[in-house]
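To keep things clear, I will list the structure first and then write my remarks on it.
Protein chains in written order, with our numbering: chain A, 2 to 481; chain B, 2 to 481.
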């Protein structure tokens with residue numbers, strides 16, 4: 002059923018004619034209602050309890066019960082009235098958020114955000130928590146992780162990132178990405194994206210690449226991974242790294258063991274783990290010099306704009322660091338500062354310490370402290386992301402978790418595949434992909450993220466891998 | 002639910018990666034099983050009976066009950082074991098039919114066809130009939146029409162068609178379609194198809210055009226009409242008339258009144274009525290000289306192959322008549338002879354007078370009698386169509402019904418819109434489309450096909466409109 006819902010959503014983003022949006026919403030509501038009814042059915046509750054009482058189940062079956070229990074309890078605890086009110090408010094929000102962003106006028110969204118926060122707190126209260134209201138919200142996206150654990154691991158990022166950014170902006174070396182912003186033929190970008198997918202091991206026998214306004218990846222079946230990207234005629238990096246990023250998601254989804262893939266253990270362990278797989282390929286592999294030693298000779302002849310641009314200049318351009326307002330355009334160093342900002346603000350909003358009306362000022366304050374810049378327009382600040390309008394509160398931190406996991410996984414891979422960089426340089430990615438499949442992909446959601454991390458890397462999630470990676474890479478690039 | 006199933010099927014034909022086929026079959030079986038369970042639910046039967054007892058229902062509600070009764074009774078009468086056996090045999094058939102066609106060896110499909118006929122007869126016996134076993138099979142595709150009525154109206158075609166074909170093949174005038182079989186750039190064909198859709202009133206706000214191996218049209222929502230076509234680099238007419246044909250289906254599906262469109266009255270009255278709408282545009286409008294007086298000046302400059310080919314030569318090429326083996330490539334004169342052949346053979350098979358093993362000889366015999374030619378290879382004869390392997394027995398005649406309805410509807414339209422040909426010549430199709438919408442499209446399935454025909458044309462379906470149309474058009478073309 003979830004895969005069928007996935008088909009409807011994928012179609013909506015990539016193919017559906019605009020006039021069909023109202024009935025598609027009804028189609029989705031119908032199927033999602035059916036899934037909800039199945040999940041909260043008393044018989045399911047009894048079956049879960051009967052399963053939990055058994056001692057003869059294997060590891061995967063116990064994990065299946067664990068995840069079904071978690072979902073059953075969550076869905077059962079939410080009153081139908083509240084679910085309906087949230088769905089209604091989300092629809093209202095979409096219109097007001099779009100209007101507010103277009104006019105760059107937060108006032109048009111303020112009251113809806115305040116109501117969203119009220120409903121979100123009510124939702125958290127029904128779901129229940131011991132420590133903080135943020136816990137059950139985070140759990141929706143990063144199962145089994147507490148806010149305290151999250152705050153500890155993300156907190157370790159702040160100082161080193163701010164410090165690194167200061168050293169970079171004060172460095173004698175300057176790097177810009179002007180070469181990426183020239184004219185790039187869209188059909189040639191498409192052809193290069195196809196080549197990247199093939200080289201990284203994403204087969205069109207079990208997947209495809211389409212175009213959508215916001216790139217995403219969706220698993221519509223155990224052997225049906227759909228990727229999207231976007232081709233901008235004046236920004237080469239958008240399609241190149243968008244494609245590699247979504248390819249990482251797609252390889253993850255298609256790598257789940259067949260016996261798990263169509264069960265509720267077929268998803269990744271958490272959004273943080275999922276994001277680690279896209280970032281692993283996009284950044285830890287795809288922004289390496291070795292990667293472009295292989296691909297740049299294939300890329301350069303396709304685009305007149307790259308004539309005379311040598312590998313070194315291209316490599317620096319794709320790794321230029323510069324504080325900016327927009328999260329999705331941020332580089333590896335500043336990206337997580339955008340997340341720390343949002344995490345801080347949404348915790349305060351959930352706790353009731355920050356009202357919607359005070360959000361724009363708080364945003365500017367945090368932006369100055371973390372990035373050293375302040376957006377003049379709300380469209381470039383507090384209104385830039387769709388997440389809060391969709392009740393995705395507790396979602397942003399999983400992006401940073403993905404970055405941290407990706408670096409920690411990469412360090413483990415580098416131990417197990419010592420010549421990994423030579424392989425990247427030669428365009429041979431099969432052993433790296435096999436390592437990911439064997440250690441991570443095939444397990445689906447059998448292990449909670451924390452346990453998976455310990456099994457893969459030998460220790461708990463630790464920000465130092467990511468910080469060390471950034472310091473080494475950008476220390477060299479900027480001669481710090 | 003039917004529209005959701007439509008999305009899954011459309012995706013399968015146009016987008017889905019090949020590796021996903023097994024799980025997609027499971028997704029479809031799940032949803033189709035849900036629809037079946039809903040349709041046969043005893044509560045539904047009770048609600049239908051309660052509705053039928055009421056005297057205060059309006060016309061549309063009574064029609065809704067009539068169609069629900071028909072479907073409920075049909076679905077309820079079929080034992081689950083039989084439905085399962087048919088679904089299983091259809092899967093087996095697909096493989097053996099494909100293999101048989103590829104090898105042009107009917108023996109590879111014979112036993113499966115024999116079993117298909119046995120199951121089909123068993124199905125007909127469960128559905129029940131008074132006159133002939135073919136009745137309940139026909140009813141699946143052409144509701145409320147009896148085999149006797151069908152045989153009468155199609156029987157009137159045979160003599161005049163065979164006679165017209167003999168006069169054409171004996172005529173001094175010869176016409177061939179060589180100019181259509183030159184090299185035609187596929188992207189220019191695509192652009193011209195898009196222009197055709199726009200000119201005929203098919204909006205991309207509520208629909209789209211894709212490519213598939215076998216062109217089809219599917220309604221995925223009240224405002225979501227999906228068309229497909231195919232572009233062959235050496236056959237211009239395939240995309241041009243394929244697009245117009247599917248556009249006719251699409252306009253029909255999108256023209257249903259909103260209050261009916263998402264109910265079981267949202268389909269066309271019957272497959273014959275549906276096919277009348279595609280044929281109306283493809284042949285009665287699209288193969289007219291007036292149509293190309295408007296479009297040929299737009300078509301010709303796009304294709305070097307048409308340089309020096311004047312309108313008259315092009316018009317004759319798209320109306321060349323020649324007996325051929327393959328139904329889907331047949332012209333307007335011979336097409337229905339292909340159907341008469343199949344209708345005759347499938348009636349005999351359903352009655353038990355013709356065994357699968359004797360089918361190829363019977364095919365050649367009928368082909369000689371009707372078309373004057375005999376296929377040497379079974380792939381060009383009895384194995385060419387997928388229908389029987391899919392248990393679509395009783396389907397073929399609806400193609401001919403569509404041709405007959407299209408001519409009869411066209412004659413009625415010509416009375417109501419006297420300057421219709423001038424409008425076509427000027428590329429102004431809105432009044433013709435409005436006429437179809439008002440008389441046919443908006444009613445969906447409210448009226449059975451026979452009643453709709455009387456309401457639209459003032460009389461029962463009669464083959465003479467089609468015969469008169471062919472005699473007039475081809476009499477002039479071939480100077481008979």
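Glycine is no exception: its CB is placed at the ideal position from the N, C-alpha and C atoms.
The structure presented is a predicted model; accordingly, all values stated were derived computationally and were not measured.
Three-way DSSP call (helix, strand, coil) for residue i in this model
{"i": "residue 332 (chain B)", "result": "coil"}
{"i": "residue 345 (chain B)", "result": "helix"}
{"i": "residue 257 (chain A)", "result": "coil"}
{"i": "residue 35 (chain A)", "result": "helix"}
{"i": "residue 269 (chain B)", "result": "coil"}
{"i": "residue 90 (chain B)", "result": "helix"}
{"i": "residue 480 (chain A)", "result": "coil"}
{"i": "residue 115 (chain B)", "result": "helix"}
{"i": "residue 233 (chain B)", "result": "strand"}
{"i": "residue 66 (chain B)", "result": "helix"}
{"i": "residue 109 (chain B)", "result": "helix"}
{"i": "residue 46 (chain B)", "result": "helix"}
{"i": "residue 459 (chain A)", "result": "coil"}
{"i": "residue 227 (chain B)", "result": "strand"}
{"i": "residue 6 (chain B)", "result": "helix"}
{"i": "residue 241 (chain B)", "result": "helix"}
{"i": "residue 387 (chain B)", "result": "coil"}
CA nearest to the CA of residue i, picked from the options
{"i": "residue 480 (chain B)", "options": "B:51, B:134, B:176, B:85", "result": "B:176"}
{"i": "residue 234 (chain A)", "options": "A:360, A:188, A:4", "result": "A:188"}
{"i": "residue 81 (chain A)", "options": "A:289, A:113, A:37, A:50", "result": "A:37"}
{"i": "residue 97 (chain B)", "options": "B:111, B:478, B:263", "result": "B:111"}
{"i": "residue 286 (chain A)", "options": "A:60, A:306, A:249, A:122", "result": "A:249"}
{"i": "residue 134 (chain B)", "options": "B:199, B:447, B:394, B:400", "result": "B:394"}
{"i": "residue 219 (chain B)", "options": "B:171, B:200, B:207, B:251", "result": "B:251"}
{"i": "residue 308 (chain A)", "options": "A:183, A:21, A:380, A:478", "result": "A:183"}
Cα-Cα separation, residue i to residue j
{"i": "residue 39 (chain B)", "j": "residue 69 (chain B)", "result": "11 Å"}
{"i": "residue 296 (chain A)", "j": "residue 115 (chain A)", "result": "48 Å"}
{"i": "residue 215 (chain B)", "j": "residue 240 (chain B)", "result": "11 Å"}
{"i": "residue 503 (chain B)", "j": "residue 238 (chain B)", "result": "Outside the shown range of chain B, which is 2 to 481, sits residue 503 (chain B), and nothing can be said about it."}
{"i": "residue 457 (chain B)", "j": "residue 280 (chain B)", "result": "17 Å"}
{"i": "residue 464 (chain A)", "j": "residue 409 (chain A)", "result": "8 Å"}
{"i": "residue 421 (chain A)", "j": "residue 441 (chain A)", "result": "17 Å"}
{"i": "residue 329 (chain B)", "j": "residue 338 (chain B)", "result": "12 Å"}
{"i": "residue 390 (chain B)", "j": "residue 113 (chain B)", "result": "8 Å"}
{"i": "residue 376 (chain B)", "j": "residue 365 (chain B)", "result": "7 Å"}
{"i": "residue 124 (chain B)", "j": "residue 258 (chain A)", "result": "41 Å"}
{"i": "residue 387 (chain A)", "j": "residue 340 (chain A)", "result": "14 Å"}
{"i": "residue 501 (chain B)", "j": "residue 213 (chain A)", "result": "What is shown of chain B runs 2 to 481, which leaves residue 501 (chain B) out entirely."}
{"i": "residue 45 (chain B)", "j": "residue 52 (chain B)", "result": "10 Å"}
{"i": "residue 326 (chain A)", "j": "residue 28 (chain A)", "result": "37 Å"}
{"i": "residue 370 (chain A)", "j": "residue 118 (chain A)", "result": "25 Å"}
{"i": "residue 475 (chain B)", "j": "residue 260 (chain B)", "result": "42 Å"}
{"i": "residue 360 (chain A)", "j": "residue 403 (chain A)", "result": "26 Å"}
{"i": "residue 230 (chain A)", "j": "residue 194 (chain A)", "result": "9 Å"}
{"i": "residue 126 (chain A)", "j": "residue 49 (chain B)", "result": "45 Å"}
{"i": "residue 84 (chain A)", "j": "residue 6 (chain B)", "result": "26 Å"}
{"i": "residue 384 (chain A)", "j": "residue 310 (chain A)", "result": "37 Å"}
Contact list for residue i against chain A, beta-carbon separation under 8 Å
{"i": "residue 5 (chain B)", "result": "5, 9, 28, 31, 32"}
Any C-beta of chain E under 7 Å from that of residue i
{"i": "residue 207 (chain B)", "result": "This model lacks chain E altogether; the protein chains it does include are A and B."}
Chain-ordered chain B contacts of residue i [CB-CB under 7 Å]
{"i": "residue 263 (chain A)", "result": "24"}
{"i": "residue 222 (chain A)", "result": "21, 24, 25"}
7 Å Cβ cut-off: residues of chain A touching residue i
{"i": "residue 189 (chain B)", "result": "Residues of chain A passing the Cβ test: none, with the nearest at roughly 16 Å."}
{"i": "residue 18 (chain B)", "result": "205, 206, 207, 208, 209, 225"}
Listed by chain order, chain A residues near residue i by CB distance under 9 Å
{"i": "residue 140 (chain B)", "result": "Chain A residues near residue 140 (chain B): none, gap ~29 Å exceeds 9 Å."}
{"i": "residue 12 (chain B)", "result": "8, 11, 12, 16, 221"}
task = Any chance you could list the beta strand (DSSP E) runs of at least 3 consecutive residues sitting entirely within the segment 147-222 of chain A, in chain order?
result = 208-212, 218-222
ask   = What are the uninterrupted segments assigned as alpha helix (DSSP H) that are 4 or more residues long and contained completely in the segment 262-306 of chain A, given in chain order?
value = Taken in chain order, the whole alpha helix (DSSP H) runs of length 4 or more contained in the segment 262-306 of chain A are 272-280, 290-300.
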